[in-house]
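Engineer: First residue of the sequence shown: 23, per the numbering used here; consecutive thereafter.
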Amino acid sequence: MKILVKAPAKINLALDVLHKRDDGYHEVEMIMTTIDLADRLELTLLEQDQIHIISQNRYVPDDQRNLAYQAAKILKDRFQIKQGVSISIEKTIPVAAGLAGGSSDAAAALRGLNKLWNLGLSTDELAEIGSEIGSDVSFCVYGGTALAKGRGEQITELPAPPTCWVILAKPFIGVSTADVYRRLDVNKIDHPHIGAMMDALHHNDYLAVCRNVGNVLEDVTLNLHPEVAQIKDQMKRFGADAVLMSGSGPTVFGLVQHDSRMHRIYNGLRGFCDQVFAVRMLGDRNTLD
Ligand code: ATP
Numbered sequence: 023m024k025i026l027v028k029a030p031a032k033i034n035l036a037l038d039v040l041h042k043r044d045d046g047y048h049e050v051e052m053i054m055t056t057i058d059l060a061d062r063l064e065l066t067l068l069e070q071d072q073i074h075i076i077s078q079n080r081y082v083p084d085d086q087r088n089l090a091y092q093a094a095k096i097l098k099d100r101f102q103i104k105q106g107v108s109i110s111i112e113k114t115i116p117v118a119a120g121l122a123g124g125s126s127d128a129a130a131a132l133r134g135l136n137k138l139w140n141l142g143l144s145t146d147e148l149a150e151i152g153s154e155i156g157s158d159v160s161f162c163v164y165g166g167t168a169l170a171k172g173r174g175e176q177i178t179e180l181p182a183p184p185t186c187w188v189i190l191a192k193p194f195i196g197v198s199t200a201d202v203y204r205r206l207d208v209n210k211i212d213h214p215h216i217g218a219m220m221d222a223l224h225h226n227d228y229l230a231v232c233r234n235v236g237n238v239l240e241d242v243t244l245n246l247h248p249e250v251a252q253i254k255d256q257m258k259r260f261g262a263d264a265v266l267m268s269g270s271g272p273t274v275f276g277l278v279q280h281d282s283r284m285h286r287i288y289n290g291l292r293g294f295c296d297q298v299f300a301v302r303m304l305g306d307r308n309t310l311d
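1) Can you find a heavy atom of ligand 1 that lies under 7 Å from the Cβ of N308?
2) What I want to know is whether the C-beta of P181 ends up closer than 7 Å to one or more non-hydrogen atoms of ligand 1.
3) Please list, in chain order, all residues of the same chain as V27 whose beta carbon is under 7 Å from its beta carbon, the five residues on each side excluded.
4) Return yes when at least one heavy atom of ligand 2 lies under 7 Å from the C-beta of A222, else no.
5) For ligand 1, I want to know if A118 counts as a neighbour, meaning its beta carbon is within less than 7 Å of at least one of the ligand's heavy atoms.
6) What's the call for L277, buried or exposed, on a 16-neighbour Cβ count within 10 Å?
7) Which whole runs of the beta strand (DSSP E) in the stretch 120-198 are 3 residues long or more, in chain order?
8) Counting only the same chain and skipping the five closest in sequence on each side, list residues whose C-beta sits under 6 Å from that of Q70.
9) If you draw a straight line from the alpha carbon of K42 to that of M23, how long is it in whole angstroms?
10) Taking the Cβ atom as the reference point for each residue, do P214 and N237 lie within a distance shorter than 8 Å?
11) What is the DSSP secondary structure of A29, counted as helix, strand or coil?
12) For V208, count neighbouring Cβ atoms within 10 angstroms of its own Cβ and tell me buried if that reaches 16, exposed if not.
13) Please give me, in chain order, every unbroken run of the beta strand (DSSP E) with length at least 3 that falls completely inside the stretch 229-307.
14) Just checking my contact of I109 with A90 at CB under 8 Å: how many whole Å lie between their CB atoms?
15) Can you list, in chain order, the residues of its chain whose CB lies under 6 Å from that of E240, leaving out five sequence neighbours each side?
16) So is the beta-carbon of V274 under 7 Å away from any non-hydrogen atom of ligand 1?
17) Whole angstroms are fine: how far does the CA of G123 sit from the CA of A29?
18) Considering Cα atoms alone, identify which of V197, I253, E179, N79 is closest to H224.
19) May I have the straight-line CA-CA distance separating R173 from A118, to the nearest angstrom?
20) Between V163 and the rest of its own chain, which residues show a CB-CB distance below 8 Å, the 5 nearest in sequence each way excluded?
21) Any heavy atom of ligand 1 inside 7 Å of the beta-carbon of D158?
22) Looking at I287: is its Cβ nearer than 8 Å to the Cβ of A262?
23) Report yes if the C-beta distance between L37 and G217 is below 8 Å; otherwise report no.
24) On the CB-based measure, 16 or more other CB atoms within 10 Å of its CB, does P248 come out buried or exposed?
25) Under 8 Å by Cβ, that's how I've got L121 and I33 pegged, so tell me the actual separation to the nearest angstrom.
26) Using only the alpha-carbon positions, how far apart do A230 and I189 sit?
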């Protein structure tokens with residue numbers, strides 16, 4: 023028996039860090055939305071009691087370091103599943119790019135294995151389990167658009183953003199999220215207006231969404247990798263309505279509404295960047311699977 027599951031990437035429309043906690047994590051407030059750029063997982067039941075990861079992408083670990091492996095392991099242990107599973111990951115989301123690719127693969131594995139192993143877990147229960155794997159996994163279990171608080175695991179659903187194009191451009195570098203957080207000086211933060219972004223979403227106000235994008239990790243990554251700033255400048259010059267780095271980077275996204283401008287930015291950035299995509303948002307939860 024096998025099952026196919028989609029694992030969409032996310033972008034952060036806003037990312038704020040409030041303070042560093044005693045447990046070493048940062049207290050965050052993030053507004054995230056899923057986009058139509060997805061990995062595909064094929065989950066196949068195995069008779070042997072093993073978890074196999076298959077991926078053609080050389081940057082994706084094929085052992086217990088893979089977040090999809092960890093998702094399968096948690097479910098297997100917790101529910102004493104004796105069947106094994108082979109997880110084949112067709113990777114489209116750039117790796118170590120600020121797009122939560124690994125977290126989304128883990129979330130997709132949780133959703134898929136819940137069906138394959140007939141566990142009958144609710145989405146809330148899957149999100150709770152996901153939070154043990156990584157901070158972004160809970161959000162990826164729900165998908166759609168949400169405010170994420172705590173270390174990212176406290177999820178409140180938000181309305182889908184207004185219809186627009188998201189152009190993503192990733193330079194030839196990968197960024198370690200842990201390293202970026204380590205370098206962040208929480209006393210020197212220019213905080214984005216999370217409340218204003220939530221209002222913009224509630225009013226379906228595209229221009230207000232564009233005005234209120236903000237990410238406190240941007241300056242850290244920009245200082246480490248000046249090419250990220252160059253991509254931001256290019257996107258602005260080509261006419262994006264809003265330009266921001268997603269997560270800890272290095273992927274930069276731009277928002278536009280008109281097809282013609284989307285094509286201009288997309289074509290302008292190709293050749294200059296490692297990977298460029300133009301996609302729609304999947305702002306509603308029910309677009310998963
Ligand atoms: P986030 O936005 O959640 O911080 P990211 O997009 O920056 O994540 P990922 O693509 O999830 O980063 O990868 C970060 C690291 O996680 C990779 O360098 C890789 O070694 C490891 N990893 C584990 N599982 C996966 C997976 N299924 N796909 C990609 N990377 C994975």
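Even glycine gets a Cβ: it sits at the ideal position worked out from N, Cα and C. Fair warning: this is a prediction, and the values are worked out from it, not measured in the lab.
Structural biologist: According to the structure shown:
1) no
2) In terms of side-chain proximity, the C-beta atom of P181 is found no nearer than 7 Å to any non-hydrogen atom of ligand 1.
3) In the same chain as V27, and ignoring 5 residues on each side of it, the C-beta atoms closer than 7 Å to its own belong to L63, L65, A130, R133, G134, D311, in chain order.
4) Among the ligands present in this structure, namely ligand 1, ligand 2 is not found.
5) yes
6) buried
7) 167-171, 176-179, 187-192
8) G106
9) It is roughly 45 Å from the alpha-carbon of K42 to the alpha-carbon of M23.
10) yes
11) Strand at A29.
12) exposed
13) 264-267, 274-278, 297-302
14) 5 Å
15) M267
16) no
17) 8 Å
18) E179
19) Spanning the two alpha carbons is a distance of roughly 19 Å.
20) A129, L132, R133, T145, L148, A149, G152
21) Checking the Cβ of D158 against ligand 1 gives yes.
22) yes
23) no
24) exposed
25) Taking C-beta atoms under 8 Å as the contact rule, L121 and I33 qualify, at a distance of about 7 Å.
26) 18 Å
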